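Protein sequences appear in the order of chains H and D.
Numbered by my numbering, the letters in the first sequence go through residues 2 to 119 in order.
Numbered by my numbering, the letters in the second sequence go through residues 2 to 223 in order.
Ideal Cβ placement from N, Cα and C applies to all residues, glycine included.
Computed from a predicted model, the values in this text were never measured in an experiment.
Working notes for the structure below.
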Amino acid sequence: MHELSIAQALLDTALTTAAEHGAKRIATIRLRIGGLRQVVEESLRQAFDILSEGSIAEGSVVRIDWVPSVWRCGVCGCVVGAEDAADTCSCGSREFSFEGSDDLVLTSVDLECDDDED
Amino acid sequence: MMRIEVLKRLQEQSEAEADEVRQVLAQNRVTLINVMGSPGSGKTTLLEATLKRLTTDLKCAVLEGDLATLQDAERIADLGVPVAQLLTEGGCHLKPNLVHSALLRLDLSAIDCVFVENVGNLVCPANFDLGEHTRVVVLSVAEGDDKTSKYPYMFKQADAVVVSKLDLLPLCRFDPARTRREMHALNPKAAVFEISAVQETGLEAWVRWVHHAVEQCSTGLR
Ligand SMILES: Nc1nc2c(ncn2[C@@H]2O[C@H](COP(=O)(O)OP(=O)(O)OP(=O)(O)O)[C@@H](O)[C@H]2O)c(=O)[nH]1
Ligand SMILES: [Mg+2]
Ligand SMILES: [Zn+2]
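Below is the structure:
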């Protein structure tokens, strides 16, 4: 359950940003998560909902941009599933390379401020 | 409505805590080795076998991370090695601040190398830098050889993988060549060892590697 720690860091960072801009509510939070992190979306959302209760981030829309990991054949370049990286590629090669991101980045927030017209 | 670009890495706070651990280690010239792996993969058994072979020339200590009970710490204490049990009380991984406070309870001036046994888990501990110099993953043959591809983050960050319980190989579906191949794709620099703590095989090369890691680290610290 590293999702709880991630949700806490997400909330803290979003709240700090909102405070810096004098926001009264955080409408949307966008983040980028690399596949290497093996984050369970459901757990992350649940943890965030619980932690954000009663704060100006309560009810924020959390949009996640996932960066998937890939195993790639070193000869023909085709992408295979993790379960096939142990086998031989259809081109005959057994050389696979792994590409994965461990990004965990709060990319942007949409803030509602006092001087908002709407 | 106002859109603000933030672009902040969420691990910053935890990394700052890990940096504080690195500072404590550098001040005291201590190497920290983070030992990870599934529950029951043989982490404590490996540490027991390693400590018996290391302690003559290296002064070691152990931090035992577990969800509950003092059993692992007691096994290490039986060897006469300084040990602290870190209980996460439900937490599935160690965090740097827990390691930090435990380090301060040891007499670091009399220690060259501290092993941290992380909580048994192949997912969460991979996400937390503890301030360690070296990461080791213990993978027992009974777990199956598909673990490297199922938990790529853990294995990608490993400096060494110890394939353990090799005595059980005849009973298990485990191809050590697959582990080497997938480790090569994930992290070509990682060392791979095959050991049996029960039959006491393969331990010399591993112990030499630990020595080398501590030496490299202490020349870096000087
Ligand atoms: N056959 C065999 N069994 C082993 C070997 N090493 C450890 N075991 C057994 O595996 C079980 C778990 O070993 P531990 O060393 O406690 O494993 P661990 O990874 O420290 O476990 P946790 O700390 O609970 O996650 C014990 O019953 C050990 O006796 C080995 O080389 N061969
Ligand atoms: Mg143990
Ligand atoms: Zn191919």
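Using a Cβ-based criterion (distance less than 7 Å to any ligand heavy atom), does residue i qualify as near ligand 1?
i: A198/D; result: yes
i: K148/D; result: no
i: V215/D; result: no
i: F42/D; result: Just to set this straight, residue 42/D is Ser in the shown sequence, not Phe. Because some heavy atom of ligand 1 lies under 7 Å away, the Cβ of S42/D counts as near it: yes.
i: G132/D; result: no
i: V139/D; result: yes
i: G23/H; result: no
Along chain H, in chain order, which residues have C-beta atoms closer than 7 Å to that of residue i?
i: N128/D; result: H3 and R38
Please compile the residues from chain H whose C-beta is within a distance smaller than 9 Å of the C-beta of residue i.
i: A85/D; result: What A85/D touches in chain H: nothing, since even the nearest Cβ is about 22 Å away.
i: R182/D; result: A86, A87, R95, E96 and F97
i: R179/D; result: A87
Taking Cβ-Cβ distances shorter than 7 Å, what residues in chain D pair up with residue i?
i: L107/H; result: V7, K9 and L11
i: F97/H; result: A186
i: E113/H; result: M2
Report back the beta-carbon spacing between residue i and residue j to the nearest angstrom; my notes put them in contact at under 8 Å.
i: L88/D; j: L131/D; result: About 16 Å separates the two Cβ atoms, so there is no contact after all.
i: V25/D; j: H134/D; result: Wrong, their Cβ atoms sit about 13 Å apart, outside the cutoff.
i: V31/D; j: V115/D; result: 6 Å
i: S61/H; j: I30/H; result: 5 Å
i: L48/D; j: V163/D; result: No, L48/D and V163/D are not in contact; Cβ-Cβ is about 11 Å, not under 8 Å.
i: V81/H; j: C90/H; result: 7 Å
i: G38/D; j: V138/D; result: 5 Å
i: Q86/D; j: L109/D; result: The pair is not a contact, with the Cβ atoms about 18 Å apart (cut-off 8 Å).
i: E201/D; j: P177/D; result: With 8 Å as the limit, E201/D and P177/D do not qualify as a contact, their Cβ atoms being about 18 Å apart.
So with CB distances below 8 Å, who are the chain D contacts of residue i?
i: V110/H; result: R4, I5 and V7
i: A103/H; result: Looking at the sequence shown, residue 103/H is not Ala but Asp. What D103/H touches in chain D: Y154.
Can you tell me whether residue i is buried or exposed, with buried defined as 16 or more other CB within 10 angstroms of its CB?
i: R136/D; result: buried
i: R27/H; result: The amino acid occupying residue 27/H in the given sequence is Ile; Arg does not appear at that position. That one is buried.
i: H22/H; result: exposed
i: S6/H; result: buried
i: V76/H; result: exposed
i: P97/D; result: buried
i: K157/D; result: buried
i: R38/H; result: buried
i: Q12/D; result: buried
i: L105/D; result: exposed
i: G66/D; result: buried
i: E90/D; result: exposed
i: P153/D; result: buried
i: G121/D; result: buried
i: P126/D; result: buried
i: E216/D; result: exposed
i: I77/D; result: buried
Any heavy atom of ligand 2 closer than 7 Å to the Cβ of residue i?
i: E118/D; result: yes
i: H79/D; result: The amino acid occupying residue 79/D in the given sequence is Asp; His does not appear at that position. No, Cβ of D79/D sits at least 7 Å from all heavy atoms of ligand 2.
i: K166/D; result: no
i: D176/D; result: no
i: T45/D; result: yes
i: D111/H; result: no
i: D73/D; result: yes
Given 7 Å as the limit, tell me if residue i has its C-beta closer than that to any heavy atom belonging to ligand 3.
i: S98/H; result: no
i: S94/H; result: yes
i: V76/H; result: yes
i: S91/H; result: yes
Which bits of chain H does residue i rub up against, with CB to CB less than 8 Å?
i: S150/D; result: W72, A83, E84, A86 and A87
i: E212/D; result: A quick correction: the sequence has His, not Glu, at residue 212/D. Going along chain H, no residue has its Cβ under 8 Å from H212/D, so there is no contact; the nearest lies around 30 Å.
i: Q14/D; result: A10 and D13
i: K157/D; result: L37, F99 and G101
Contact list for the stretch 64 to 94 of chain H against chain D, Cβ threshold 8 Å: S70, W72, A83, E84, A86 and A87
Please name the residues in the stretch 17 to 34 of chain H whose beta-carbon is closer than 7 Å to at least one beta-carbon of chain D, in chain order. T18, H22 and A28
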